[in-house]
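Asks: Note that the sequence shown ends on residue 574 in the UniProt record's numbering; no numbers are left out.
C-beta: ideal position from N, C-alpha, C; glycine also.
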Amino acid sequence: MLGTLTVRETIAYSANLRLPSSMTKEEVNDIVEGALLEMGLQECADGIVGNWHLRGISGGEKKRLGIAMEILTRPSLLFLDEPTSGLDSASAFFVIQALRSIAHDGRTVISSIHQPSSEVFALFDDLFLLSGGQTVYFGESKMAAEFFAEAGFPCPRQRNPSDHFLRCINSDFDAVNMTLMSSQRENQKPIDPLSKFSTAEMKAKLVGKYKCSEHEAKVKIRMREISEMKGFSIPTKKCGNQATWLKQLSTLTRRSTVNMSRDLGYYWIRIIIYILLSICVGTIFINVGTSYSDVFARASCAAFISGFMTFMAIGGFPSFIEEMKVFHKERLNGHYGIAVYTLSHFLSSFPFLAFMSFASATIVFYMVKFETEFSRYVFISLDLLSSIAVVESIMMIIASLVPNFLMGVIIGAGYIGIMMMTSGYFRFVPDLPKVFWRYPMSYINFGAWGLQGAYKNDLIGLEIDAGLQGGLKIKGEVILEMLLGYQAHHSKWLDLGAVLIILVTSRFLFIVILKLKEKISPFLQTFYTKQTLRRIGKPSLAIRKAKVPQFPSKRHHQPLYSLSSQEGLNSPIN
């Protein structure tokens, strides 16, 4: 979810992306308001969602907002992975209560859950317990305690039923039991009856009990009835209920524009910095002349505009990473395509990039007093705009490969640094080593084409005062060829065209990378799943090697097992 949007806007944009285009605006608004009402989000509907630097709604409200976005299309099956994770007991209760109301509205809700409280557990209709891939219990939640009692593992009166069930089937509790037995012996307290059994023993007994119970018989009968139903199917995300491509493009562009305009770190701070730097450049190179000694000053000014101001475009990477997280989630759910997202991002960012480029170019161009032809002003503005757009495209590619803003900024800065070394800022392009650095690096380098165009824009048609008797003038073309090493025989607009080609190519490469990731991702997930199943099928190394000392250590504060080995003890899926 984008932190700059309000709760109502978040749901509304999601609805416009997914609901049929044939629906009227009033019908969409009714569905949005219905989702707000169903999830109990009316009071915070006009509050922003919030992110790492904007204070917004609470964690429980964010969970309910996520559910509200999923129920817009009235799915018959809703699957949630730990919807109460990270919430306090009150927030968790309200989230599960909202899910219960959805389930009682005729829809199926399946959810894994992390350490439910007794109040939350009481809201469940059915309970499905798994351990190592084996079914321990599947039936009504209110009958689970009776099932465990019949198997010989009754729930103590003052213990949460869910904690008791997990303790019986989660092998990580073997380590806990050893520690507790050692502590109970030392303090001469009664030993917990469950400590007498290993998890493997309890699990085997419970699995055997379930296989010959009436609960499994009911499940098999129900499964047989469902399999014999004719014409029964669960609608999928590709049932033709999505909006048209044009409506998705319009919705994504509007949403991205709103996000960019409200997020100060996306463009506004950069625009301010660009304007301040432009004023600094303008005052340093103010009224630069046309004498021979001013040639390097003019070249340095053009290089700074084309180089450093382009380099600063990596500053919006953290904000783009947050937007990419939303894209990956929505793309996984099939809300829209990669091409429409890429185009919408370009359309929404273009006004900000154009304002940033033309504002900077205007300040520098007229303070430094380059040649006053309007076409030269237009060129330097477009040259800066296209170069910044290329850097943004490159950062998009990096974001698709490295979803971490710190690593992304480092990689992006390194890449731009390499491009700057072969652009002509520090060593003229003709003097670069021909192998690799000049061919092909300088030819696929947007900075080299952009700087070459900036030099031509300033020098071609300019006459330089040589400072000799008689007022000898040197043509700018001579300076361009003899001093800077660039050929003046082709137009500066061809250099700009080369930058635009690199821009289009980088955007296309971004689309290709995302497409390839989608194709490769299922294979990687399958490999990871197989490795995980193979790992959980083996006894824990810590459990195999653990031994309870005959005489407890006097260092009572030192646990038998490290905290890292105790994480996830209450996970519902072992």
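How many whole angstroms separate the CB atoms of V49 and L5, which I take to be in contact at a CB cut-off of 8 Å?
Replies: Confirmed, Cβ separation roughly 6 Å.
Asks: For A354 and F365, I'd like the C-alpha separation in whole angstroms.
Replies: C-alpha separation (whole angstroms): 16 Å.
Asks: Between A313 and S393, what straight-line distance do the alpha-carbon atoms span, to the nearest angstrom?
Replies: For A313 and S393, the distance between alpha carbons rounds to 10 Å.
Asks: Which value, in whole angstroms, describes the spacing of the CA atoms of L332 and F508?
Replies: Near 20 Å, if we compare the C-alpha coordinates of F508 and L332.
Asks: Any chance you could list the alpha helix (DSSP H) runs of at least 4 consecutive residues sitting entirely within the stretch 106 to 183, in chain order?
Replies: Runs found: 118 to 121, 144 to 150, 161 to 169.
Asks: Can you give me the C-alpha to C-alpha distance between H164 and T257, rounded to a whole angstrom?
Replies: Approximately 51 Å between the Cα atoms of the pair.
Asks: Between the C-alpha atoms of E201 and A413, what's the straight-line distance to the nearest angstrom?
Replies: If I take the Cα positions, the gap works out to 57 Å.
Asks: From this set, L87, S375, F79, which residue's C-alpha is nearest A103's C-alpha?
Replies: That would be F79, whose Cα lies nearest to the Cα of A103.
Asks: Please work out which residues of its chain come closer than 7 Å, Cβ to Cβ, to A389, disregarding the five sequence neighbours upstream and downstream, and give them in chain order.
Replies: Excluding residues within five positions, the ones whose Cβ falls inside 7 Å are L353, L503.
Asks: Would M39 and I57 qualify as a contact pair, given that the criterion is a beta-carbon distance under 8 Å?
Replies: No.
Asks: Would you kindly work out how many angstroms separate the C-alpha atoms of A359 and I275, rounded to a whole number?
Replies: In a straight line, the C-alpha of A359 is about 7 Å away from that of I275.
Asks: Using only CA atoms, which one of E119, G106, L72 lies nearest to V95?
Replies: V95 has its Cα closest to that of E119, out of E119, G106, L72.
Asks: If you compare alpha carbons, which of H215, P75, G334 is closest to S141?
Replies: Among H215, P75, G334, the Cα nearest to that of S141 is on H215.
Asks: Nearest CA to the CA of T135: which residue from C212, K63, I338?
Replies: The option with the nearest alpha carbon to T135 is C212.
Asks: From the beta carbon of E82, is the nearest beta carbon of chain C less than 8 Å away?
Replies: The structure shown contains no chain C; it is built from a single protein chain.
Asks: Below 8 Å between beta carbons: does that hold for L401 and I513?
Replies: Closer than 8 Å, so yes.
Asks: Whole-angstrom Cβ separation of G424 and L451, contact assumed at under 8 Å?
Replies: 5 Å between Cβ atoms; contact.
Asks: Do you know whose CA, among Q115, F128, L129, lies nearest R159's CA?
Replies: Per the Cα distances, Q115.
Asks: Buried or exposed for D172, going by 16 or more other Cβ atoms inside 10 Å?
Replies: With 16 or more other Cβ atoms within 10 Å, it is buried.
Asks: Determine the closest residue to C301 out of Y443, I363, H490, M229, with distance taken between C-alpha atoms.
Replies: Nearest option by C-alpha distance: I363.
Asks: Is it buried or exposed, G397, if we count other Cβ atoms within 10 angstroms and call 16 or more buried?
Replies: First, the amino acid is wrong: residue 397 is Ile here, not Gly. Answer is buried; the Cβ neighbour count reaches 16.
Asks: Is the stretch 447 to 463 in contact with the stretch 282 to 299, if contact means three or more CB pairs nearer than 8 Å?
Replies: The stretch 447 to 463 vs the stretch 282 to 299: in contact.
Asks: What do you reckon, are the CB atoms on I113 and T84 nearer than 8 Å?
Replies: Going by C-beta atoms, I113 is nearer than 8 Å to T84.
Asks: Between the Cα of I269 and those of M356, V409, L36, spot the shortest distance and give me the residue it belongs to.
Replies: Cα-wise, what sits closest to I269 is M356.
Asks: At which residues does the alpha helix (DSSP H) containing E392 begin and terminate?
Replies: Element bounds for E392: 374 to 401.
Asks: What is the DSSP secondary structure of F436, reduced to helix, strand or coil?
Replies: It is a strand residue.
Asks: Beta carbon of M23, beta carbon of T10: below 8 Å?
Replies: Not closer than 8 Å, so no.
Asks: Using alpha carbons as the reference points, say which of P154, R167, T108, F93 lies closest to L129.
Replies: Considering only alpha carbons, the answer is R167.
Asks: What does the alpha-carbon distance come out to for the pair D46 and W52?
Replies: Taking the straight line from one Cα to the other gives about 19 Å.
Asks: Inspect the CB distances between the stretch 520 to 538 and the stretch 478 to 495 and report whether three or more fall short of 8 Å.
Replies: No, they do not touch.
Asks: Can you grab the Cα-Cα spacing for the pair L406 / P318, in whole Å?
Replies: Roughly 8 Å between the two C-alpha positions.
Asks: Can you round the beta-carbon distance between A399 and S306 to whole angstroms, since I take them to be within the 8 Å contact cut?
Replies: Actually they do not touch by this definition, with Cβ atoms about 24 Å apart.
Asks: Answer yes or no: do T108 and S131 have a C-beta to C-beta separation smaller than 8 Å?
Replies: No; because the gap between Cβ atoms is not below 8 Å, this pair is not in contact.
Asks: Quick one, are the C-beta atoms of E323 and N259 less than 8 Å apart?
Replies: Yes. Within cutoff.
Asks: Which value, in whole angstroms, describes the spacing of the CA atoms of I221 and S227?
Replies: Distance between the alpha carbons of I221 and S227 is about 10 Å.
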